[in-house]
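Okay, structure first, notes after.
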Amino acid sequence: MASNDEEIIKNQRRQQVLTGELPDNFLKIESGQVFPASGQSLYYPASFGRYQEVGVLSMTVVQARLVKNYGYLTRMDPYCRVRIGLQTFETPTAYNGAKSPRWNKLIQCNLPENVREVYLEMFDECTFSVDERIAWCLIKIPDSVIMGEVLNEWFSLNGKQGEEKEGMIEIVFQYKKLPAGPMLVPSMVGPMVINPMVQPLIYPNAYGPQVIMQQPIQPVQPNFQQSSPGPQQIFESNPADLRTLKEMCPDMDVDIIKTVLQQCGGNIDKAAAQLLEMNAT
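Numbered by this note's numbering, the letters in the sequence shown go through residues 2 to 282 in order.
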């Protein structure tokens, strides 16, 4: 019974095979069929989505106070590695910093909307072996920083001595929001064929094929109008703000502090961040 079924299936397949002479239009392209030429690109149009808030985080790694020097015969040479989202930064090495290293390293990066943590690791730079990790901590960025406040705080470090027992590190945080452009979201329509060259379109009729030349679409250049900057307003320095900034940067000249405060429009938070950056360099 099984052999009869197999013979029937074979006969049905043989009937589907085209035998004999091939027709004249075999493997020929019919007139009027248009195929994308080689070199054409497929373009999927995109639709505009909502605006996404993007901000710049300024983080200054100032100094650290450690409880132990892990150098065997010499003083430690600590440096820090900071990871913010998918971005990684390093401070310079504080040679012979031992338990009191100072870096004053300013780190600036774009802070995504869903990133609110900073992971910091401290290493001892070694010459003849792999750098040894001596401390680490996970810092959550406070909401006050996201709102625009400048935060200068000491954070506890984890290490061989235990959790939050390895010492402390001083970090200055500042955040500035920047409105970004619209976020592009791919739509679900089919691909559009873009060809910069002239493509003939063939329309058959009763009197023979009619050829119509399609002209390429010229891209529209956006027209940007440059606005002229207005007159710069000069702000008078507040003596109380000058005294506060002078206490933060005692080694800096008063005239420099006054100039920076005027350039920041009297904003003491922005002036403090710039002065700390200048003092770090």
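No residue lacks a Cβ here, since even glycine has one placed at the ideal position from N, Cα and C.
Each of Gly86, Val255, Leu243, Gly56 was checked against the Cα of Leu121, and the nearest Cα belongs to Gly86. Around the C-beta of Asp254, fewer than 16 other C-beta atoms lie within 10 Å, and the residue is accordingly described as exposed. Cβ contact annotation for Phe156 (same chain, cutoff 7 Å, sequence separation greater than five): Cys138, Ile140, Met169, Ile170, Ile172, in chain order. Between the alpha carbons of Val68 and Lys100 lies a distance of about 7 Å.
Cβ-Cβ distances below 6 Å link Tyr176 to Gly56, Leu58, Val146, Ile147 in the same chain, with the five nearest sequence neighbours on each side left out; the list follows chain order. Its chain contains Met253, Val255, Ile258 as the residues whose beta carbon lies nearer than 8 Å to that of Lys247, once the 5 sequence neighbours on both sides are disregarded; these appear in chain order. In this structure, the straight-line span from the alpha carbon of Thr94 to that of Asp78 is close to 6 Å. In this structure, Tyr71 sits near Lys161, with a CB-CB distance shorter than 9 Å. Around the beta carbon of Lys11, fewer than 16 other beta carbons lie within 10 angstroms, which makes this residue exposed. Secondary structure of Val261 (DSSP, three-state): helix.
Taking C-beta atoms as the reference points, Asn105 and Val63 count as a pair closer than 9 Å.
In the structure shown, the three-state DSSP call for Ser145 is helix. Judged by DSSP in its simplified three-state form, Asn268 adopts coil rather than helix or strand.
DSSP, read as helix, strand or coil, puts Leu152 in strand. Bounds of the beta strand (DSSP E) holding Thr89 are 88 to 91.
Counting along the chain, Leu107 sits inside the beta strand (DSSP E) bounded by residues 103 to 112.
Following the DSSP letters along the chain, one finds Met123 inside the beta strand (DSSP E) bounded by residues 118 to 125. With distances taken between CA atoms, Leu107 lies nearest to Glu91 out of Glu7, Tyr96, Ala136, Glu91. If you check the CB distance, Ala136 and Ala65 come in under 9 Å. Looking at the DSSP output, Pro79 bridges to Asp125. Residues Tyr120 of the same chain have their beta carbon placed closer than 7 Å to that of Arg84, with the five preceding and five following residues left out of the count. The shortest C-alpha to C-alpha distance from Cys127 to any of Phe174, Arg103, Arg117, Thr75 is the one to Thr75.
Annotation: the continuous alpha helix (DSSP H) that includes Asp242 extends over 240 to 249. Here the alpha carbon of Glu150 sits roughly 8 Å from the alpha carbon of Phe174. Excluding five sequence positions before and after Ala274, the CB atoms of its chain that fall closer than 7 Å to its own CB belong to Ser59, Val151, Gln175, given in chain order. The C-alpha of Asn239 lies about 46 Å from the C-alpha of Arg134.
Straight-line measurement puts the Cα of Thr61 at about 22 Å from the Cα of Thr260.
Exposure of Asp6 is indicated by the presence of fewer than 16 other C-beta atoms within 10 angstroms of its C-beta.
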